[in-house]
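Heads up: the sequence shown at position 425 corresponds to 425 in UniProt numbering, and the numbers run straight through without jumps.
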Amino acid sequence: MPIAPKNRFKHDCDLPPEYFHYEVNSPYETRLRKLGHRLTNFITVYQHFDSLQYFRSNCAFRKERRRHLMTLKYKYIIHPFSMFARRKAVAITTLWMVLYFVETFTGSFLAVAFHNRDLVIVEIFLMVMNLGLLLDVITRFFVGYPVERTRVVILDSHAIHKKYLTTYFFFDLGAIMSYIIFYFGRFMGKRAEIIVFQFHKLRFARIKTLLDNTDMMLASFKVKESKRTCIILGLTAILLLHGFTCIFGLMPVMRQAYDIPYNQSFLYYYDREQGIHDLMEEALHQEVKMPHCIKMYITHMSMVMCHFFGCGTFRSQTKDSTEMLFLSSVLLSGLIFYVYTVAKVLQLFGVVNISEIKYEELNMQVSQYMVKKNFPRDLKKRINKYYDYKFNKKFFSEQRILDTLTEHLRMEVLLYSCRNLIGEVQIFKGLSKAAVGCVLALLKQEIYIPHDVIMAPDDESGSIYFILYGTCGIKLVSGKEVMHIEDGHHFGDTSDFEKYTKTQILYSVVALEVSEVYKLEKKDIKYCCKTYPEIVYKLEAMARNKAKRYNAVFSMRGDEDDETTGDILDELRRGRILHPGIKRQELL
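Below, the structure written as C-alpha cells:
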C-alpha cells in the first residue's frame, strides 16, 4: 500500500508487525505495564522537525531508539528529541515569557504595594510559576542534549550534568531561589526584600534559549525562515525594551528605599513641565493605582525608546549621573541591536547566506514551472519533497566542489560521506582502502521519493544499488509486498555472480520513504573487478547470501496473488506519471 503523503514514516502493508522489529505488547498486560510502555514512548526519540535534521530515515530513528532504550546507563535519561522534551520546552518557554513581563513590571512599577504584601494573588501566582521552573531545573539533569556541529546526541549522565552546571544552572536556580526567599522571608527589611527580589533578573540569561525555542515552535508550524527571522527580531526588540524600561523604573524605588535625592531625575523635570506633581509622588509613596502604573510604564518606555533607537531625545532630559549612565548603555545596546539586525537581513537577502538564497531561487523557479505546466497537487508534493531532501534548504554543486580538491582529499571526502555504507555493506568489509575507494569513486548518487520504482522486475542492467538512508520495499510482479530493506542494504542484478544459488522469482524494488541510494553500474563493476580481483569474491558472497535470503522470504510469503485491475487514468490525474501501478489482466 502507498505511503500517506502527510507522513513519510507511516507505511501500511501485509507484513507482520514483528518484521519491523517493533515491540509487540500483549493485549492482556496490566494497566500499569501499558502505562509504562506509553511513558517509554513519551521519553524516547520520535519524528518531528528538529529530529529529522539528525536522523534522515526510519532505520536511523530505530537505531537511535534502540541505543537509548537498550543501553543500561541511559535507563533514566530522557531523549532530547522526545515528545516529553518537546512539550516541556514549549511549557517552559511560556513560563519564562510570562515571568519575564510580570516579575519585572511588578518589581518596578508595583514595587511599593508588592513589598507591602498587598498583592497576595500576584505573590501566589509567581510562587506557582517559580515552583514549575524548579521542577524544570531538576528535570534538566536527566535530559540529553544534541551537539549541532557534529550531529551527535549526548545521553551520558556525567556529560549532561557537567554541561548544565557549567552553563545555566546557577542562573536558573538563583532566579527561583530569590523569589522563594522573598516569599518566605517576611522577617527581612524593605531594603533587603528589594535586593533579594531583583535577583530574578538572572533569568535574563535565558533570553537566547527563549528565542531559540520560539523559533523551534514556529518552524514546527512550517513558517518560512524569512518570516521566522522577522518575528524573532521583533520579539528581541520587545524583550530588550521591556527589560530596560523596568530597570529604569526601578530607580525611583531604590531612591525611596535608600533615601537618595531625586531632584535631578528626568521625572522631576517632567513633572514641572507638565505642571503636575503626582508622577514622582506616586512613585515615592505607598498608593497604588493601576492606570497610574501604566502611565509610569509608558513614560519610562518613551525615554528608553528614544535612546534605544536613537530617533530623538525625550522632552525632559535627565541631569542625574546614574540615569545618564544607564541611558548611555541603552543607546549602546540599541546600536548593537541595529548591527545585528542588518547582519540578519544580509543573511536573508544578501550574499552572506548565499546557499540558502540559491535554494530559494531554485524553489521559486520550480514552483513557477509547476504552475505553468498545471501539475497535479500530488505530483507537486513529490517534487517539493525531492528537492527538500536533496538540498536540505541549501543549494550547492557538490561535483564542482569535489573537482577543486586534490585526489587524496576527494577520496577522504568520499570515504567520510559513505561511512554508513562502509560500516554496514558486506562488500566493503575486509577490502583494502584502495579497493573501497575505487568502488566509492564510481558510485552515483540517486534520490527516490515514496512510490518511485528503483528497479523493475525485468531490469537486466547489471547495476547494484546501495541504500545510504531510507527504506525500500520488495514487491512481486503481482504487486504483493514481501519484505523491506533499509540503511546499509544492497540490491540489484547480481546474476553474473550467482554461480550456485540464483534468485528464482522476479521482483521490483520501490521506495517507501525518501531514500538516498548509490548506484554502481555494470561497466564500473567490471572495471573494479578487473583492477581489484578481491572485489569479485566479495560480490559472489553477496550474491549468494542475497539469493538465499530472498528465496527464503519469497517461499515463506506464499504464492503470488491474482493480478487485479487498476485505473491508469486515475494514476495520471494523481501525478504518478511514471508509477507502474497495477498490471491489467490480459483479455482472453
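For glycine and all other residues, C-beta sits at the position ideal for the given N, C-alpha and C.
Owing to the predicted nature of the structure, the values given are computational and were not obtained by experimental measurement.
- Shown here, P457 sits in coil according to DSSP, grouped into three states, outside any helix or strand.
- Just so you know, the alpha carbons of F171 and K201 end up roughly 9 angstroms apart.
- By the Cβ criterion, the region 423-440 is in contact with the region 488-496, since at least three pairs of Cβ atoms, one from each stretch, lie closer than 8 angstroms.
- Residue pairing from DSSP places A511 in a beta bridge opposite C472.
- DSSP places M483 in the uninterrupted beta strand (DSSP E) bounded by E481 to I485.
- When secondary structure is reduced to three states using DSSP, E360 falls in the helix class.
- Contact between C472 and S515 holds: their C-beta atoms lie close to 6 angstroms from each other, under 8 angstroms.
- Looking at the backbone, the Cα of M483 and that of V509 are separated by about 10 angstroms.
- Note that the C-beta distance between G430 and I525 is not below 8 angstroms.
- Of all alpha-carbon atoms in C230, F308, V453 and E323, the one lying nearest the alpha-carbon of L512 is that of V453.
- Sorting I336, Q317, Q256 and G249 by C-alpha distance to the C-alpha of I294 places G249 at the top.
- Our two residues, I260 and M251, have alpha carbons roughly 10 angstroms apart in a direct line.
- The DSSP-derived three-state label of Q365 is helix.
- Going by DSSP, I247 is part of the alpha helix (DSSP H) stretching over E225 to Y258.
- Its chain contains E193, V196 and F197 as the residues whose beta carbon lies nearer than 7 angstroms to that of F182, once the 5 sequence neighbours on both sides are disregarded; these appear in chain order.
- Cβ contact annotation for G310 (same chain, cutoff 7 angstroms, sequence separation greater than five): L331 and G334, in chain order.
- Here DSSP, grouped into helix, strand and coil, assigns V436 to helix.
- Put simply, of C418, V152, E123 and F81 the residue whose alpha carbon is nearest the alpha carbon of L99 is E123.
- Secondary-structure assignment with DSSP links Q445 through a beta bridge to Y518.
- Contiguous beta strand (DSSP E) elements confined to the region 128-168 occur at 145-147 and 152-154, taking only those with 3 or more residues.
- Under the three-state reduction of DSSP, V122 is assigned to helix.
- Distance from the Cα of S478 is smallest, within the candidate group S226, T150 and P457, for P457.
- Annotation for L134: I176 place their beta carbon closer than 7 angstroms to its own, counting only its chain and skipping 5 residues before and after.
- Cβ-Cβ separation between L468 and V517: approximately 7 angstroms, consistent with a contact (criterion under 8 angstroms).
- For Y389, the CB contacts under 7 angstroms within the same chain, skipping 5 residues up- and downstream, are I447 and V514 in chain order.
- Residue L110 holds the alpha-carbon nearest to the alpha-carbon of M254 among N363, M303 and L110.
- Nearest to N130 by C-alpha distance, out of V371, K162, I180 and T106, is I180.
- Leaving aside the five residues that flank V413 on each side, the residues in its chain whose CB is nearer than 8 angstroms to its CB run, in chain order, L402 and L405.
- For G310, there is no enclosing alpha helix (DSSP H), as DSSP gives it neither H nor E.
- Within a 10 Å sphere around the beta-carbon of E148 sit fewer than 16 other beta-carbons, which makes this residue exposed.
- Bounds of any alpha helix (DSSP H) do not take in G430, whose DSSP letter is neither H nor E.
- For V425, the secondary structure class from DSSP, reduced to helix, strand or coil, is coil.
- For V477, the secondary structure class from DSSP, reduced to helix, strand or coil, is coil.
- Across the set S329, T71, M455 and L421, the C-alpha of L421 shows the shortest separation from the C-alpha of V439.
- For M188, the closest alpha carbon among the candidates L379, N116 and E103 is that of N116.
- For D136, same chain residues with a beta-carbon under 6 angstroms away, outside a window of 5 residues either side, are I92 in chain order.
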